[in-house]
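Chemist:
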Amino acid sequence: KVKKSVDKNSNEYRVRRERNNIAVRKSRDKAKQRNVETQQKVLELTSDNDRLRKRVEQLSRELDTLRGIFRQLP
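Quick note on our numbering: the sequence shown kicks off at 106 and runs consecutively.
1) How big is the Cα-Cα spacing for glutamate 123 and glutamate 162?
2) Measure the alpha-carbon distance for glutamate 117 versus lysine 137 and round it to whole angstroms.
3) How far does the alpha helix (DSSP H) with lysine 109 in it reach, from first residue to last?
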């Protein structure tokens with residue numbers, strides 16, 4: 106493939122570069138925003154996970170208590 110010679114001083118080149126720079130900036134900003142949203146979701150899910158683990162522990166203790174009570178019944 107032969108590269109086309111580009112006049113870096115031409116108006117067309119400058120317009121294309123500016124458009125590309127804008128597109129690159131937009132793409133990077135979107136990626137950063139997605140990263141922030143992902144991190145927030147991770148924090149939210151971690152918190153939910155902790156809450157659910159505590160609930161499981163609580164229910165397990167209740168189950169153990171109830172099993173103990175039923176074992177003592179005549």
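A virtual CB, placed ideally from N, CA and C, is assigned to each residue, including glycine.
Remember, it's a predicted structure, so these values are computed and weren't measured experimentally.
Modeler: Walking through what the data contain:
1) The sequence position of residue 123 within the sequence shown is 18, counting from 1. The sequence position of residue 162 within the sequence shown is 57, counting from 1. Distance between the alpha carbons of glutamate 123 and glutamate 162 is about 58 Å.
2) As a working mapping, residue 117 is identified with position 12 in the sequence shown. As a working mapping, residue 137 is identified with position 32 in the sequence shown. Glutamate 117 and lysine 137 have their C-alpha atoms roughly 30 Å apart.
3) Against the sequence shown, residue 109 aligns to sequence position 4. Segment: none, lysine 109 is in no alpha helix (DSSP H) and carries neither H nor E.
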